[in-house]
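All remarks here apply to the structure that follows.
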Amino acid sequence: MFPSNETNMEDFIIIWLDENMNENNKYCRDSILQLQILANSLETFSDVNQCIDFLTDAINRKVFLILSNDLAQVLAPLIDDISHLDSVYIFSDIESNEQPWIKNWKKVQGNFRHISHLLSKLKIDIKRCEDDLIPFNIISVSSIGNLDQLACSFMYSQLLKEILISIEYDETAKKKFLDYLQNLYADNKPGLLAINCFEQNYKRHSPAWWYTKESFIYSILNTALRKQDVDIIIDMGFFIRDLHEQIKRIHSMENTKTKNLLLYRGQGMATNDFENLKRTRGGLISFNSFLSTSIDRDVSYTYADSSRQKSNTVGVLFIIKIDSTILTVPYASLKDISYYSNDQNTEDEILLSMHTVYRIGDMDQIGDHFWQVTLIVTSDNDKQLKRLTDYVREEELRKADGMDALVPLLFRMGEFTKAEQICQSLFQLTSRINLKKPININYYLGQIKYAQGDYSKAISFYTTAIDLEMKCLQLNVLNLVALYNGIGLCYHSTDNYSVALFYYQNALNIGENSYASDSPHLAVSYNNIAQSYDSLGDYAQALSFYEKAQNIQEKILPPLHPNLGIGYGNIGKLYQSMGQYKLALSFWEKSRRIREKSLPSNHPSLATCYNNIALIYDKIGDHSTALSLYNNALSIKRKSIPKNHHGRAIEYNNIGMTYYEMKDYSMALSYYEKALRIHNNVPDAAPSDLATVYNSMGLAYNSMEDCSKGLLYHNKALDIVHNILPSTHPRLGILYNNIGLSYHNMNDYTGAVVYYKKALDIYERSLPPNHPEIANTCVNIGGMYNDINDYTTALSYCEKALKIEQQSLPSNHCLLLRTYRHIATSYERLERYSDALAYLHKLLEINEETPFADSLDLADTFSQLGMLYFTMMDYSKALPYLRKVVQIEEDLLSPTDPRLGTTFTKVALIYKTMEDYTSALAYYEKALQIQEKVLPPTDPKLMTVYNNIGTMCLTLKDYSTALLYLREVLEIREKSLPENDLSLARSNSNLGMTYLQMGDFSTALSYLEKAFEIQQKSNSCPRANLADSHSNLAQVLFYLHRYDEAAKHAKQALDTSINIFGHEHPKSLMFNYILQQCTDKSEFI
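Going by the numbering used here, the sequence shown opens with residue 262, and the numbers climb by one from there.
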């Protein structure tokens, strides 16, 4: 393979595949050299597979493919549908007749025996390809705002052009561009010769002559303009200025000759771009490059007609109507000044300078994939965008001129690296006598380093600028205010909020003594002070200062100014912290609209906006929307900030939190670890950001049931936050809550309640009374009290949470679902079954209607409903719900997941109670197969399965097997559980009933009395279980002929059952029968 330089600025590449390729052959070498005249990007192959792999991967450039004769027929049908493959050329020095199959493949341009014929065709096609890629913006009539709204990229490229054409360039500028070209064409001998010619003879010919002669000039310039590659655009600034000035000079001489002019331009447009153009009739189109047109309609028609032959391309003939009295962009005829001026067959080409804007007029289809579109020159620009452009030009760029003016513009565009390079070069040109310029340069470098996350260097530059300012004979108050605010921002970003507030206050004091009360400079200080109060958790003070800032900015600034967007975002962030998500989202959407209209699409400020909107969607439970926005933000940050910038770490953490909420804990942890690696490599990383990652990792490990590791990370976070925030800051509350969660999951209820209540105390002192975090902690406390069987206290906390959530959250929010579940559990344990059912059905309704609901959450709801109906002995309703659970879990979980084993056990229990013993045993066996694979031999869950199988064997009168399982269960439980645990009561009861059925009444009585004694000592034993124990004791005492005692227990069983279930309940009827038998001393049937 013949390699090309990897760095390129061409939109196309030539690939030559020939299995007989021999680079030692002179003809082959000469052909390569001639192809390199056309394109610097050239790849040659002799291996078919390597070539196809390269071709399919070259998706960002148009490919012109040269094939040998013997490969063409085989490969053409295989590669014809590759969208970025523009054209195929069959090249062979062997005589070959035109073959009919070629007509079947539009991309095949024909057979070429002579290299000169191939080069001629390639040159035409490459020029056409480049013409089709001229950069433009299309703005529709229906665009938000004004009819004539232009994309902000047009504004920035317009301002960039204004600066570039105002600079007085010397030979150094041209030398820098030539160095770039020589590196780019290092492996291209013809290209280096052309560059050398350009260097030696630049002054001998006009810029238009070079623009039309050398492909590298035309190609590199237009590609840079289309891609907004600021580096290359600035490097070519000298040529842009020279070409613009030449066109302007010619235009000024010819302008009086004609008022109206009709021009034509033929080109191809990608189908999707053309569809966009069709939808915008009456809107605007702007060309952001030098635009080549013709006064000859036929020539332009031919160009457009040839373009439509390409797949996914529409041929467009533009008819451009120019009124010279309106057009502000100069144009000139190239007839006498182009490289081709001496060619009598050359077209009469008119070249317009950059940034022409037209109204889109009539659109008529004149053939298949062939349209004629009228463009009318307009002086109308979007009023809001024009006001913003004028503001940026006057308020920012007027402070500097020439190359100096590039720095603030590049900073606004988010081109921090290039801005820094220019600052460093300006230092070398700065006079030591004039202090103004170094003050500005140090200020700009401070801004740049702040944006890059290098806060210590930013402070150093700001401090140097202040020192220089103090040496000036006349202080510049505006500079001092900006510098103090800049230092404050750096300290704020490293969590030194009190130090930041000190600098902000200094800036404000100077500003209030120097400016009018509605000065935008005061607004900046108010905004910064508000951010400090926001971070310190003083939301009332923060809101007061934010509103002061915003009132000034809305009055003074243009409607699309980025500072307005930042202000709205800050207020949105504050409401977000206060838990008012709907209000927060409305402010962030205002901010987004402004930023999207006024900033380049890859600006870091846009990423910040998307990130914060995503946070809100996460909070309201719409995780898919959140994830999409986080990825948008991350995509921008990858392009605009360094690899180890803390901003990327924040994005990784937030994406991880979304996966955490979606219960994909391993994916969440992978993003947290990415964030942690960045924080560990950034010297100026904010401690609070590191604490955030530690906290997130703690949550993930908790959910993965590694609670000790989760607790470790939460405590790491707590150690950091303790040192930087007040003792009542809500972030401390978050950490206390999460530490409580760790203890809760470890069944350390004492530790859990201590930390939960610490969190609640902070929240109730620092947050609005209806904040969702208060509800979240109340639910956690309620859940814990459910776990320790204090259902009344649990209910009080959960009902408090519910009242808050109903005021502050969407009706389908996941926190509401959790609260409903806990309340239903409390009511169920308190035997208020109808109340429990009501909440579970509310829960089910939300589960089934919420588009982003978790299917496993739905399974949990079905399971809880099924088991509640089971408790109420409504088995016909219980079983269908449990079957739904089995269906969901078998679809979503692995075959050995313990949750599936638990569900099989529940289904078996229902079948057993319905006396379908065959089905019950089948499900118990399914459960046992799973539990034995995943649980240790003494695990309580495994004991439950053994116990269930034992009771099943008891029911089937397999007493010896039943005793084997039940004794093992009791023995393990006695070693591992407290002596009054209700599980011990159940084990004793099961063994007692086994011995009862075996006729060993004395042994049965001893076990049943142990069970009853444990239940009586427990405060949480369900009354229905006590009723069962009374009934069991009545039966065994009857067989021991202790009839009075038997009747007494039977009466207790009956009274309890009637109280719970009513007279007609099957259990009440059964207990009534046992009482009658005991009273009558009749044998049980």
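Glycine included, every Cβ here is placed at the ideal spot set by N, Cα and C.
Original post:
Since residue 1353 contacts residue 1209 with CB under 8 Å, what's their CB separation in whole angstroms?
Top reply: With the chain represented from 262 up to 1346, any question about residue 1353 goes unanswered, as that position is not in the structure.
Just the C-alpha distance for residue 488 and residue 745, rounded to the nearest angstrom, thanks. 37 Å
Review point. Beta-carbon separation of residue 512 and residue 592 under 7 Å?
Key: yes
- Message: So, under 8 Å CB-CB, residue 538 and residue 399 are touching, yes? Tell me the CB distance rounded to an integer number of Å.
- Response: 6 Å
Limits of the unbroken alpha helix (DSSP H) element including residue 735
Element bounds for residue 735: n/a, residue is neither H nor E.
Notebook entry, point to check: Is residue 912 closer than 7 Å to residue 898 when the C-beta atoms are compared?
Noted result: yes
Rounded to the nearest angstrom, what separates residue 1343 and residue 1335 at their Cα positions? 10 Å
With respect to the alpha helix (DSSP H) encompassing residue 795, which residues constitute its N-terminal and C-terminal limits? 781 to 796
Check: Taking the continuous alpha helix (DSSP H) assigned at residue 558, which residues delimit it?
Finding: 558 to 568
Notebook entry, point to check: Got a sec, what are the start and stop residues for the beta strand (DSSP E) residue 525 sits in?
Noted result: 521 to 531
Chain-order list of residues whose beta-carbon lies under 8 Å from that of residue 366 (same chain, five-residue window excluded):
337, 338, 341 and 349
Quiz item: Between the C-alpha atoms of residue 432 and residue 895, what's the straight-line distance to the nearest angstrom?
Solution: 41 Å
Keeping to the same chain, check which residues put their C-beta closer than 6 Å to that of residue 1223; ignore five residues upstream and five downstream. 1211, 1214, 1215 and 1255
Exercise for the section: Put residue 1389 into one of helix, strand or coil per three-state DSSP. Expected result: Lying outside 262 to 1346, the shown extent of the chain, residue 1389 is not represented and no answer is given.
Which residue's Cα is closest to the Cα of residue 627: 577, 772 and 1307? 577
| query | Just how far apart, CA to CA, sit residue 694 and residue 472? | reply | Interpretation of residue 694 is limited by its pLDDT of 44, a score under 50 that renders its predicted location unreliable; no figure is taken from the coordinates.
- Query: Which residue comes first and which comes last in the beta strand (DSSP E) that contains residue 477?
  - Reply: No beta strand (DSSP E) contains residue 477, which is instead part of the alpha helix (DSSP H) from 476 to 488.
*Compare the Cα-Cα distances from residue 623 to each of 771, 490, 915 and 544 and report the closest residue.*
544
Subject >> Limits of the alpha helix (DSSP H) - the one that residue 937 falls within >> reply: 926 to 942
Mapping the DSSP letters down to three states, classify residue 372 as helix, strand or coil. strand
Could you tell me the alpha carbon to alpha carbon distance between residue 475 and residue 455, rounded to whole angstroms? 8 Å
* Rounded to whole angstroms, what's the CA-CA distance from residue 322 to residue 829? Just pull it up for me. => 40 Å
**Asked** Is it right to say residue 1323 is buried, meaning 16 or more other beta carbons lie within 10 angstroms of its own, or is it exposed?
**Response** exposed
field: Interface flag, residue 313 vs chain D, CB-CB below 7 Å
entry: In the displayed structure, chain D is absent; only one protein chain is listed.
Quick check on DSSP: helix, strand or coil for residue 1297?
helix
For my contact list, residue 492 and residue 679 are in at a C-beta cut-off of 8 Å; report their separation, rounded to the angstrom.
6 Å
| Is residue 593 helix, strand or coil by DSSP? | strand
Notebook entry, point to check: Excluding five sequence neighbours on each side, which residues of the same chain lie with their C-beta closer than 7 Å to the C-beta of residue 609?
Noted result: 555, 556, 557, 594 and 596
(message) What ranges does the alpha helix (DSSP H) occupy inside the region 1066 to 1151, keeping only unbroken runs of at least 4 residues that lie completely in it?
(response) 1075 to 1090, 1094 to 1110 and 1116 to 1132
| task | State the DSSP-derived secondary structure class of residue 841, mapped to helix, strand or coil. | result | coil
Please list the terminal residues of the continuous beta strand (DSSP E) segment that includes residue 974.
Here residue 974 belongs to no beta strand (DSSP E); instead the alpha helix (DSSP H) covers 968 to 985.
Do residue 948 and residue 981 come within 7 Å of each other at the CB atom, strictly closer than that value?
yes
Which partner residues does residue 574 have in the DSSP bridge list? 531
Using DSSP with H/G/I as helix, E/B as strand and the rest coil, what is residue 228?
The displayed coordinates of the chain run from 262 to 1346. Any statement about residue 228 would go beyond what the structure contains.
* Separation of residue 1220 from residue 1286, as counted between CA atoms -> 23 Å
**CB contact flag (residue 832, residue 848, <7 Å)** = yes
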